[in-house]
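All letters in the sequence shown, in the order written, are residues 1 to 466 by full-length UniProt numbering.
Ideal Cβ positions, reconstructed from N, Cα and C, are used throughout, including at glycine.
Predicted, not measured: the structure shown is a model, and the values here were computed from it.
Everything below concerns the one structure shown next.
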Amino acid sequence: MSILLIEAFYGGSHKQLADLLQEEIEECVLYTLPAKKWHWRARTAALYFMQTVPANANYRILFASSVLNLTELIALRPDLGKLKKVLYFHENQLAYPVQKCQERDFQYGYNQILSCLVADIVVFNSAFNMESFLTSIGKFLKLIPDHRPKDLEKIIRPKCQVLYFPIRFPDVNRFMPEHKLAHLEKITDVKRNGDTYLFRSLPFQQKYRAPGSLMENSNSGPESGLYEAQSGLCTTQQDRPQHPLISLEKVNKSKASESTNQEEPCQEEDKQHMTFNPCNLLSGPDCQQRPLHIIWPHRWEHDKDPESFFKVLLKLREMDLPFHISVLGETFTDVPDIFSEAKKALESSVLHWGYLPSKDDYFQALCMADVVISTAKHEFFGVAMIEAVYCGCYPLCPNALVYPEIFPAEYLYSTPEQLFKRLQNFCKRPDIVRKHLYKGEMAQFSWAALRGKFRSLLTTEPREDL
């Protein structure tokens, strides 16, 4: 093993990236800590990995997320200091919102600055993430009462680059309702050819494909980006759900083989929150006229601003506008009270309520939805939003944070009032949303597009002193 992967917070997008790199890039070994008690991981993970990562003369590269205090680890393990050290920022603590200004702990941002100084390459998942971090260094260090360091941004910036978070998009063809097929064709450049589909520049990875749904031929392997779907498998009308809300009895039933092998936060608590209301599926005369299905697939924490989201929904309810709602996402120790209050108030409109540990169930829920909403006060990339758009959801995001970098202007709103007006119109005419074809690009975020850049990042010539 020549690549040492260390993830101090092995959950969510952190876990997603670590697993992807280990599976897709040769010579990787992964060491992790569970995604719990984030503050303690940031404070003490270096000491844990100092003891648990064995010495290995074959290591050439160290890849870690910015939760780890890289400076402390290198001081404790001088042998690792000789490696090419790559630090990946999923988020940064200089721009991370806190509920009260005085609650911000100086140490977390300070640790990330020190880690950048020690790293050889600093990678951010978006330009917004990089610029918000670098341009905040000077202001942040003014909190030091005296003897402040100077010009750290100038020292760190030359090491920095943007490399979008790579998403391994699954084959969702079998979950797609009929009215979303044009979207799927546009997103993946799918071309119907008799009873088969040709997937060109396909971002799908074989790991998540349905058994038999994709068949490699001798002339089209993963590197060529060309696959041919086996005739009659997951491509014919009778094999595809007849309606976006069909087969929902399968949703919210986690697969034991999957859930027992995943370390998901507060899994027992999630089961208590999980709700499925099949009675709501029968309303509406046909697919285009059924109530608008809104989905919110984010962590249940204050920085995602669930209060603003539910306030808009309650206002829609007051106006007797019809809609369905699915609230997904991970829960942690402290769940904002608004979730239990909103669940009670919106109960008759709820289709899903709670974390879906099965990937199939999660992507099926996304495919059934019409609109995906973000009200985040904090977002440096937004995997959940991109996955939802890939599954045919119309995105509505704040005109702030990373969103203008990811989504075209027509999908952005500036105030809660604007969000309400957009949803009000969609509730009245859900067919408009269902006929819409997304105008942005998804391919740039796929593992297929980013694989070469990550491989280059994780290769290096051996140093003479190793």
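Report the rounded CA-to-CA distance for Ile-3 versus Val-371, giving the unit in angstroms. Locating residue 3 in the sequence shown gives position 3, where the first residue counts as 1. Locating residue 371 in the sequence shown gives position 371, where the first residue counts as 1. Looking at the two C-alpha atoms, the distance is approximately 40 Å.
Quick check: the segment 315-325 against the segment 121-135, are there 3 or more CB pairs under 8 Å? Verdict: no, contact absent.
Contact set for Trp-447: own chain, Cβ-Cβ below 6 Å, skip 5 residues either direction: Looking up residue 447 in the sequence shown gives position 447. If we look at Trp-447 and ignore the five residues flanking it on each side, its Cβ neighbours are Pro-166 and Arg-168.
Selected residue, minimal CA-CA separation from Pro-158, among Val-123, Glu-26 and Ile-187: On the sequence shown, position 158 is the one that residue 158 refers to. Comparing Cα positions, the closest option is Val-123.
Secondary structure at Lys-15, three-state DSSP: helix, strand or coil? Within the sequence shown, numbered from 1, the residue matching residue 15 stands at position 15. Secondary structure of Lys-15 (DSSP, three-state): helix.
Around the C-beta of Trp-300, are 16 or more other C-beta atoms found within 10 angstroms, so that it is buried, or is it exposed? Counted from its first residue, the sequence shown places residue 300 at position 300. By the neighbour-count rule (16 or more Cβ atoms within 10 Å), Trp-300 is buried.
Determine the extent of the beta strand (DSSP E) in which Ile-373 is found, giving its start and end residues. Sequence index remark: in the sequence shown, residue 373 carries index 373 (1-based). Counted as a single uninterrupted DSSP element, the beta strand (DSSP E) harbouring Ile-373 occupies residues 371-373.
For Asn-92, count the other beta carbons within 10 Å of its own beta carbon; 16 or more makes it buried, fewer makes it exposed. Which is it? Counting from one through the sequence shown, the residue named residue 92 turns up at place 92. Asn-92 is buried by the Cβ-count criterion.
Classify Glu-7 as buried or exposed, calling it buried when 16 or more other Cβ atoms lie within 10 Å of its own Cβ. Position 7 of the sequence shown, counting from 1, holds the residue named residue 7. Glu-7 is classed as buried because its beta carbon has at least 16 other beta carbons within 10 Å across all chains shown.
When Ile-25, Ala-42 and Glu-27 are compared against Tyr-10, the one with the closest alpha-carbon: Taking the first residue of the sequence shown as 1, we reach residue 10 at position 10. Checked all of Ile-25, Ala-42 and Glu-27; the closest Cα to Tyr-10 is Ala-42.
Where does the unbroken beta strand (DSSP E) through Ser-65 begin, and where does it stop? As a first step, residue 65 is located in the sequence shown; it is residue number 65 there, counting from the start. Per DSSP, Ser-65 is one residue of the beta strand (DSSP E) stretching across 61-65.
Any chance the segment 431-443 sits against the segment 326-336, with 3 or more Cβ pairs inside 8 Å? Not touching, per the Cβ criterion.
Going straight from the alpha carbon of His-352 to that of Leu-328, what length do you get? For the purposes of this step, residue 352 is taken as the residue at position 352 of the sequence shown. For the purposes of this step, residue 328 is taken as the residue at position 328 of the sequence shown. Their Cα atoms are separated by approximately 7 Å.
When you compare only the Cα positions, how much space is there between Glu-379 and Leu-152? Position 379 of the sequence shown holds residue 379. Position 152 of the sequence shown holds residue 152. Taking the straight line joining both Cα atoms gives about 24 Å.
So is Ile-144 buried or exposed if we call it buried at 16+ other beta carbons inside 10 Å? The count along the sequence shown starts at 1 and reaches residue 144 at position 144. Classification for Ile-144: exposed.
What does DSSP give as the partner residue(s) for Ser-446 in the beta ladder? Position 446 of the sequence shown, counted from the start, is the residue given in the question as residue 446. Bridge partners of Ser-446: Ile-167.
Buried versus exposed call for Ala-409 [16 or more other C-beta atoms within 10 Å across all chains shown]: Counting from one through the sequence shown, the residue named residue 409 turns up at place 409. Exposed is the call here.
Of the residues Gln-364, Val-29 and Phe-310, which one's Cα is nearest the Cα of Lys-344? Working through the sequence shown from its first residue, we reach residue 344 at position 344. Comparing Cα-Cα distances from Lys-344 to each of Gln-364, Val-29 and Phe-310, the minimum goes to Phe-310.
Short of 8 Å in beta carbon distance, which residues of its chain neighbour Gln-289, apart from the five on each side in sequence? Order them along the chain. Taking the first residue of the sequence shown as position 1, residue 289 is located at position 289. Here the set comprises Pro-430 and Asp-431.
Are the beta-carbon atoms belonging to Phe-128 and Val-402 less than 7 Å from one another? Taking the sequence shown and counting its residues from 1, one reaches residue 128 at position 128. Taking the sequence shown and counting its residues from 1, one reaches residue 402 at position 402. The beta carbons of Phe-128 and Val-402 sit closer together than 7 Å.
DSSP three-state call for Thr-459: helix, strand or coil? For the purposes of this step, residue 459 is taken as the residue at position 459 of the sequence shown. Note: Thr-459 maps to coil in three-state DSSP.
In the DSSP assignment, find the alpha helix (DSSP H) that holds Ile-406 and state where it starts and stops. For the purposes of this step, residue 406 is taken as the residue at position 406 of the sequence shown. Its alpha helix (DSSP H) spans residues 403-406.
Return the residue from the list Cys-160, Leu-17 and Ser-414 that minimises the CA-CA distance to Cys-28. As a working note, residue 28 is residue 28 in the sequence shown. The shortest C-alpha separation from Cys-28 is found at Leu-17.
Provide the residue(s) that pair with Lys-304 in DSSP beta bridges, ordered along the chain. Position 304 of the sequence shown, counting from 1, holds the residue named residue 304. Per DSSP, Lys-304 has no beta-bridge partner at all.
So the beta strand (DSSP E) Lys-85 belongs to, where does it begin and stop? The sequence position of residue 85 within the sequence shown is 85, counting from 1. Taken as a continuous stretch (DSSP letters only), the beta strand (DSSP E) holding Lys-85 covers 84-89.
Through-space distance from Ala-365 to Phe-175, alpha-carbon basis: In the sequence shown, counting from the first residue as 1, residue 175 sits at position 175. In the sequence shown, counting from the first residue as 1, residue 365 sits at position 365. Distance between the alpha carbons of Phe-175 and Ala-365 is about 9 Å.
Quick one: residues in its chain with C-beta nearer than 7 Å to the C-beta of Tyr-108, no 5 flanking neighbours on either side, listed in chain order? As a first step, residue 108 is located in the sequence shown; it is residue number 108 there, counting from the start. Taking C-beta separations shorter than 7 Å and ignoring five residues to either side along the sequence, the partners of Tyr-108 in its chain run Ala-42 and Gln-93, following chain order.
Give me the residue from Asp-337, Asp-305, Ile-338 and Leu-346 with the minimum Cα distance to Ile-325. The residue given as residue 325 occupies position 325 in the sequence shown. Measuring from the Cα of Ile-325, the nearest candidate turns out to be Leu-346.
Determine the direct distance from the alpha carbon of Lys-82 to that of Ser-349, and round the result to whole angstroms. Counted from its first residue, the sequence shown places residue 349 at position 349. Counted from its first residue, the sequence shown places residue 82 at position 82. Distance between the alpha carbons of Ser-349 and Lys-82 is about 57 Å.
Excluding five sequence neighbours on each side, which residues of the same chain lie with their C-beta closer than 6 Å to the C-beta of Leu-47? The residue labelled residue 47 in the question sits at position 47 within the sequence shown. For Leu-47, where only same-chain residues beyond five positions count, there are no Cβ hits under 6 Å.
So which of Tyr-362, Lys-304 and Ile-373 has the shortest CA-CA distance to Ile-295? Looking up residue 295 in the sequence shown gives position 295. It is Ile-373 whose Cα lies nearest to the Cα of Ile-295.
Note down the Cα distance separating Glu-24 from Gly-452, rounded to an integer number of angstroms. If you number the sequence shown from 1, residue 24 lands on position 24. If you number the sequence shown from 1, residue 452 lands on position 452. Taking the straight line from one Cα to the other gives about 11 Å.
On the three-state DSSP scale, how would you describe Ile-144? On the sequence shown, position 144 is the one that residue 144 refers to. Here Ile-144 sits in coil by DSSP.
Just list the residues that DSSP pairs Trp-40 with in beta bridges. Position 40 of the sequence shown, counted from the first residue, corresponds to residue 40. The partner list for Trp-40 (beta bridge, DSSP) is empty, contrary to what the question assumes.
Would a C-beta distance cut-off of 7 Å place Leu-68 and Ala-119 closer than the cut-off? What you label residue 68 is simply residue 68 of the sequence shown in a count that begins at 1. What you label residue 119 is simply residue 119 of the sequence shown in a count that begins at 1. With contacts defined as CB atoms closer than 7 Å, Leu-68 and Ala-119 fail to qualify as a contacting pair.
Cross-strand partners of Ser-326 (DSSP beta bridge): As a first step, residue 326 must be located in the sequence shown, where it is residue number 326. By DSSP's assignment, Ser-326 forms a beta bridge with Ile-295 and His-352.
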